[in-house]
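Note that the protein sequences, when read in sequence, are chains A and B. To convert, note that position 58 of the first sequence is 61 in this note's numbering; the numbers rise steadily by one, no gaps. To convert, note that position 110 of the second sequence is 113 in this note's numbering; the numbers rise steadily by one, no gaps. Note that CB positions come from ideal geometry on N, CA and C, so glycine has one too. Presented below is the structure to which this report refers.
There are 2 protein chains.
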Amino acid sequence: MAAAARRAVDPGPDPRIARSRQVILAAALDELGAVGYGGFAIESVAARAGVGKSTIYRHWPDKLALIADAFETLHQAGGPDLAAGTAREKLERILRHVAAIVADSPFSACLPALIDGAARDRALRRFHHRFQAEARRPLIALIASGIASGDFPAALDPELAAEALLGAIFFRRLMTEKAFAPAETGALIETVMGPRAS
Amino acid sequence: MAAAARRAVDPGPDPRIARSRQVILAAALDELGAVGYGGFAIESVAARAGVGKSTIYRHWPDKLALIADAFETLHQAGGPDLAAGTAREKLERILRHVAAIVADSPFSACLPALIDGAARDRALRRFHHRFQAEARRPLIALIASGIASGDFPAALDPELAAEALLGAIFFRRLMTEKAFAPAETGALIETVMGPRAS
DNA sequence: GGTTTTTGATACGTTGACGTATCGCTACGA
DNA sequence: TCGTAGCGATACGTCAACGTATCAAAAACC
């Protein structure tokens, strides 16, 4: 019980552990972006991280566990401020943020690997879908409230509109060679949500 | 020159060759759908096809060549008839067709593998982008002509509208658990293209 | 300063896939 | 009917990654 008691009191047993986990997870994300889900290799992660292979196996039981943990680190919250402005202005702020992340970020780099992994692994698929559903909930709510306040056309279906807006951004990233630029956000909103009420 | 002369006269040198290629390509597509780009294994394709591994290497130099050929077979042309109807009706016919294919087809099954492969292999990426650009050209043209004829709002950007429509369908397939149903096509069009002019 | 824990290096056996080679068999084609 | 060309099966050597085990050095802790 001495160890348990000490652990209950002591918050950080050894800084080396946290440091190892952190650098390994970062390297694992690099690996996923570079070679994808199917090409992921523990020995390559160890090399990227500048770490012994044994250190990885001390912290994760196997490859799949590390991949799952790495994908989870991808999702730090924190979008733009939504306090001020009209519904349309808030919408534009959200979509610019999404466009920037989808165009260039660790998330963007790992997106093909995430989609592929979700197609192969049931647990990863559930995680992927669950997270995406949460991520677009505020957008749907914003559109719905914008409809209620008369900022957007009443004929709009909030979910479909959100999927069309996000869909355009993701479609560009995944199916074309030119990612969606933040500067196109205004035009996209005008196309999907109708012209700005003057 | 004797062989060349005979080949110029003889259309089908040996039916076994065509048959082998065909069954192997079909098995390769199955494999891509099942295990993806990174998990693709020639020996597994041979087993799926009920064919000796040596037969595959007789027809393709290596794994990547077979993968590339398999992806190309994915793209048979032939959309819906676009002769009759209003622009809106034609649009709905196209999108229903796309939705059906994206929801369930060999293309749909291989889509994650294609996206992942395009992220890893430069040649595959060029092929993917090129084909997708060709595939959405008629849709963009239809939207543009619909705008010109007054069937769609003049404020619409045809390319952005096409990306929003297709984007919603692909987004559903790749980022959510519920694929886009053909029955939702009408609502999607109303949301993105504005309410039906009465 | 001495003990304990984590770490990096390295070696190990195993597995699975690559791509090659060989060899009867069989189906095609004349 | 006979020669040829494509075929399936199988064995082969190679390689890369898996996950395990061991051990001395370094860092953290007290």
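- Item | Contacts of H78(A) in chain B (Cβ-Cβ under 7 Å) | The premise fails here: H78(A) is roughly 13 Å from chain B at the closest Cβ pair, so nothing lies under 7 Å.
- Message: List, from N- to C-terminal side, the alpha helix (DSSP H) runs of 4 residues or more that fit wholly inside the segment 79-140 of chain B.
- Response: 90-106 and 109-123
- Query: Taking buried to mean at least 16 other C-beta atoms within 10 Å of its own C-beta, is I70(A) buried or exposed?
  - Reply: By the 16-neighbour rule on beta-carbons within 10 angstroms, I70(A) is buried.
- Message: Taking a contact to mean a Cβ-Cβ separation below 9 Å, would you say G170(A) touches R96(B) in this structure?
- Response: no
- Message: Taking beta-carbon pairs under 8 Å, can you tell me which members of the segment 93-120 of chain B lie near chain A?
- Response: P115, A116, I118 and D119
- Return the first residue and the last residue of the alpha helix (DSSP H) that G197(A) is part of. Premise fails: G197(A) is in no alpha helix (DSSP H) and is neither H nor E.
- Query: Given L67(A), which residues of its chain have a CB within under 8 Å of its CB, disregarding the five upstream and five downstream residues?
  - Reply: D124
- Task: Check the Cβ of H132(A) against every Cβ in chain B and list those closer than 8 Å, keeping chain order.
- Result: Under the 8 Å cutoff, chain B gives M178, T179 and E180.
- Mind listing the chain A neighbours of A48(B)? Cutoff is C-beta to C-beta under 9 Å, in chain order. Here the sequence assigns Val to residue 48(B), which means Ala is not the residue at that position. Within 9 Å Cβ-Cβ: nothing; V48(B) doesn't reach chain A, min ~15 Å.
- Task: Tell me whether P14(B) sits in a helix, a strand or coil according to DSSP, three-state version.
- Result: Confidence is the limiting factor: at P14(B) the pLDDT is only 47, short of 50, which leaves the residue's position unreliable, though a coordinate-based value still follows. In this structure, P14(B) counts as coil in the three-state DSSP scheme.
- Scan the segment 141-173 of chain B for residues whose Cβ lies nearer than 8 Å to a Cβ of chain A and list them as they occur along the chain. P156, A158, L159, D160, L163, A164, E166, A167, L168, L169, G170, A171, I172 and F173
- What is the DSSP secondary structure of V54(A), counted as helix, strand or coil? coil
- Task: Can you grab the Cα-Cα spacing for the pair A112(B) / E34(B), in whole Å?
- Result: Taking the straight line joining both Cα atoms gives about 10 Å.
- Three-state secondary structure (DSSP) of S148(A): Reduced to three states, the DSSP call for S148(A) is helix.
- Query: Given that L85(A) touches chain B, what residues does it touch there, using C-beta distances under 9 Å?
  - Reply: Scanning chain B for C-beta atoms nearer than 9 Å to the C-beta of L85(A) yields nothing, as the closest lies near 22 Å away.
- Item | Alpha-carbon spacing of A87(A) relative to A167(B), whole angstroms | 27 Å
- Answer with buried or exposed for Q25(B), where buried requires no fewer than 16 other C-beta atoms within 10 angstroms of its C-beta. Per the 10 Å Cβ criterion, exposed.
- Item | D160(A), DSSP secondary structure in three states | coil
- Query: Is any heavy atom in the ligand NAP found nearer than 8 Å to the beta carbon of T89(B)?
  - Reply: Here there are no bound small molecules, and the ligand NAP is not part of this structure.
- Per-residue DSSP class, three states only, for E34(B): helix
- Message: Looking at the secondary structure, which residues open and close the alpha helix (DSSP H) in which D72(B) lies?
- Response: K66 to T76
- Message: Quick check: the segment 35-48 of chain B against the segment 104-120 of chain B, are at least 3 beta-carbon pairs closer than 8 Å?
- Response: yes
- Message: With a threshold of 9 Å between beta carbons, is F43(B) in contact with chain A?
- Response: yes
- Message: Checking 9 Å against the spacing of the C-beta atoms, do A52(A) and A30(A) come in under that value?
- Response: yes
- Message: When you compare the CB positions of L32(B) and L98(B), do they come within less than 9 Å of one another, or not?
- Response: no
- Query: What residues of chain A sit near T194(B), judged by a beta carbon separation below 8 Å?
  - Reply: A158, L159, D160, L163, A164, A167 and V195
- Query: Is the CB-CB distance between P156(B) and G82(B) below 9 Å?
  - Reply: no
- If you draw a straight line from the alpha carbon of V195(A) to that of R91(B), how long is it in whole angstroms? 16 Å
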